[in-house]
Amino acid sequence: MSLFATHANYWFAILIMMIGLYGIIAKRNLIKQAIALGIFQTGIFLFYVSMAVINGGTVPVWFLDEAGKKYAGPYDNPLPHCLMLTAIVVSVSVFAVAIAIIVNIKHAYGTIEEDEILNLEAEAAAGSEA
Amino acid sequence: MKEQLVLRVVAKCLIPPILIFGCYIITHGELSPGGGFQGGIVLASAFILHALIHGRATLHQAFPRNLWATIATIGALIFAGVGTYSLLRGGQFLDYGWIVPSHPAKGEPWGMTLVEYGVGLTVCSVMVLIYDMISEPAEDDPTVDEDSA
Amino acid sequence: MSEQLLVDIGLLTLVTALAIAAIEVRSLFGAAMLAGVYSLVMALEWTTLHAIDVAFTEAAVGAGISTVLLIGALVHVGRDEKKPRRRVDLRGLVVVGITGAFLVYGTLDMPAFGDPQAPVHTHRAVRLVEQQVGKLPGGPGERHAAVENAADTAFEPTSVVGSDPLDLVDDFAGHVPNMVTSVLATYRGYDTMFETVVILIAGMSMMLLLQRRRKDVR
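Residue numbers (this note's numbering), protein chains in the order written: chain A, 154 to 283; chain B, -1 to 147; chain C, 452 to 669.
Structural data, given as structure tokens:
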């Protein structure tokens, strides 16, 4: 039980990452794949932010305690929070461009199921050779 | 959606506080949780709410699409401009100590504040632009060449 | 287990269930809604882990912008997924299981959750928390370092309003209270600048990709 208590966050992060990875591999719909990509990225953020937690630490913002002095107790590590802020913003940018490409695919092929798109491509390639 | 009375009135009551709250988050990014990204997205949500309720035409009348694109680039240029200013003053790129050379410790909050304003501008305008592009009605002639599958 | 760990694990179980639901439900509208709820519960999880800037951004971005984008896309794309050939993809499960097993094996070496002596907390981060990183020798940086070291001993409110026109409202003698913004804007300033450029490029890409070429060009 103590191994679970000290590593639970990391294992849950890996579980969420694997759920996202399964969605990207197994799902045929492109929008489902985009959502699963977002879930995968969130698992990575959970992994990093879990590394930043300190027992007894508090939010990484300086504040004054009752005596008017800066609270000197342990603050959580701000560096992974900062890196994950950048990563979240990059993730939403990737998601926006992915959605735009999916909308264009729908207009071009009439479908957003991966196997139907591949069949249409194969038919077009076979038709152009014949 | 502007025929619905409740939606219209609630949106009219909510949009000014959302705008003020967004500016508050950007400007108080150093003193409390927040910063450029969060404040920019909250600011953008006020414009998106207005566009949802009153239609995209009213948003285009006040803020055409090219204006958002210009503001987005101006935000990124503010960030790079702060860095180049300290480069021109003789220091390294993005070294805020050179902004107020007499007292470098004061230059640091100034640099951070200006940089967060730039980031907030860019994020707000890009989010409104993204919403604008994705909510265009599907026309009969899509962006496809005639010889694709 | 402490209460924080219990709340943490409870929220993470909920998050896992929402993640599985979001990719398994057949209606795309339901998937969009579940993805928004997933982001909100994830924001609760960040708050439990004391990562409030991350929680703020995740709530704004995930439950706000992503949901709006997905619903806007569903107008073009259709509301339902096609029925899959089989419920569970076995090869996908095997690949995912093997990858997950390797990753779990890799985490067995990691320091315990919350350990104050973990390497991530004992090297650079100590100076980052005290905001003493990144000053140049020989320039104003030297005077800057002297000011920082003098201000290290006691953080009292320094400025009286009107005493110096350059005094911003900071009680911490030139440092800023929010450490995450300080790291983001100074120590990681290049990252933040190019992240802004990435958002800009995403906006421009959306404009280019979704521009409708009308037959009657104005």
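Think of the CB as a built atom: it goes at the ideal place given N, C-alpha and C, for glycine as much as any other residue. Predicted model, so just to flag it, every value in this text is computed and none were measured.
- Excluding five sequence positions before and after M237 (chain A), the CB atoms of its chain that fall closer than 7 Å to its own CB belong to F198, Y201 and V202, given in chain order.
- Taking CB atoms only, M561 (chain C) has no neighbour in chain B less than 8 Å away.
- Under the three-state reduction of DSSP output, D642 (chain C) falls in the helix class.
- For P15 (chain B), the enclosing alpha helix (DSSP H) stretches over residues L3 to T25.
- For the options A:A240, A:V256 and A:Y224, the alpha carbon positioned closest to that of I522 (chain C) is the one of A:V256.
- Note on geometry: alpha-carbon atoms of E496 (chain C) and L456 (chain C) lie some 11 Å from one another.
- Counting C-beta pairs closer than 8 Å gives three or more between the stretch 68 to 85 of chain B and the stretch 113 to 126 of chain B, which meets the contact rule.
- By the Cβ criterion, the stretch 539 to 550 of chain C is not in contact with the stretch 266 to 276 of chain A, since fewer than three pairs of Cβ atoms, one from each stretch, lie closer than 8 Å.
- I128 (chain B) and M657 (chain C) have their C-alpha atoms spaced approximately 6 Å apart.
- By the criterion of at least three beta-carbon pairs nearer than 8 Å, the stretch 182 to 190 of chain A is not in contact with the stretch 207 to 217 of chain A.
- In this structure the stretch 5 to 14 of chain B lies against the stretch 48 to 57 of chain B, because at least three pairs of beta carbons, one per stretch, are closer than 8 Å.
- Spatial neighbours of E267 (chain A) in its own chain (CB-CB distance under 7 Å, excluding positions within 5 residues in sequence) are listed in chain order as R181 and L183.
- Distances from the alpha-carbon of G33 (chain B) to those of B:F61, B:P107 and B:V126 put B:P107 closest.
- If you ignore the 5 residues before and after N162 (chain A), its C-beta comes within less than 6 Å of the C-beta of S203, all in its own chain and listed in chain order.
- In the three-state DSSP reduction, G109 (chain B) falls in the helix class (H, G or I).
- CA-CA distance, F564 (chain C) to V476 (chain C), rounds to 33 Å.
- Sixteen is the threshold: since fewer than 16 other Cβ atoms of the shown chains lie within 10 Å of the Cβ of C11 (chain B), the residue is exposed.
- Residues of the stretch 247 to 277 of chain A with a C-beta atom less than 7 Å from some C-beta of chain C are F248, A249, V250, I252, A253, I254, I255, V256, N257, K259, I265 and E266, listed in chain order.
- With 16 or more other CB atoms across the displayed protein chains lying within 10 angstroms of its CB, E114 (chain B) is buried.
- The Cβ-Cβ distance between E28 (chain B) and V627 (chain C) falls below 8 Å.
- The beta carbon of L462 (chain C) lies closer than 8 Å to those of V492, L495, E496 and T499 in the same chain, with the five residues before and after it left out.
- For V206 (chain A), the nearest beta carbon of chain B is not closer than 8 Å to its own beta carbon.
- Here R639 (chain C) is buried: its Cβ has 16 or more other Cβ atoms, across all protein chains shown, within 10 Å.
- Sequence-distant partners of G529 (chain C) (beyond 5 residues in either direction) whose C-beta falls short of 8 Å from its own C-beta, in its chain, are L479.
- Distances from the CA of P227 (chain A) to each of C:L660, C:M630, C:Q662 and C:A473 were compared; the closest alpha carbon is that of C:M630.
- Taking 8 Å as the CB threshold, S633 (chain C) lines the interface with chain B.
- Among the bridge pairs identified by DSSP, G263 (chain A) is matched with none.
- Separation of the CB atoms of L41 (chain B) and C21 (chain B) is rounded to 7 Å, and the pair is thereby assigned contact status at 8 Å.
- For secondary structure counted as the alpha helix (DSSP H) over 4 or more consecutive residues, the stretch 24 to 58 of chain B holds these complete runs in sequence order: 34 to 52.
- Closer than 8 Å to the CB of F480 (chain C) there is not a single CB belonging to chain A.
- A residue is called buried when at least 16 other Cβ atoms come within 10 angstroms of its Cβ; E646 (chain C) meets this threshold and is buried.
- DSSP places G543 (chain C) in the uninterrupted alpha helix (DSSP H) bounded by L541 to T558.
- Within the same chain, I192 come within 7 Å of I172 (chain A) by CB-CB distance, once the 5 residues on both sides are set aside.
- With the criterion set as a beta carbon lying under 8 Å from some beta carbon of chain B, the members of the stretch 225 to 239 of chain A are L238, in sequence order.
- Minimum Cα-Cα distance from A205 (chain A) among the listed residues C:G515, C:P562 and C:G513 corresponds to C:P562.
- Secondary structure remark: continuous alpha helix (DSSP H) runs of at least 4 residues inside the stretch 479 to 536 of chain C, in chain order: 479 to 499, 503 to 511 and 518 to 528.
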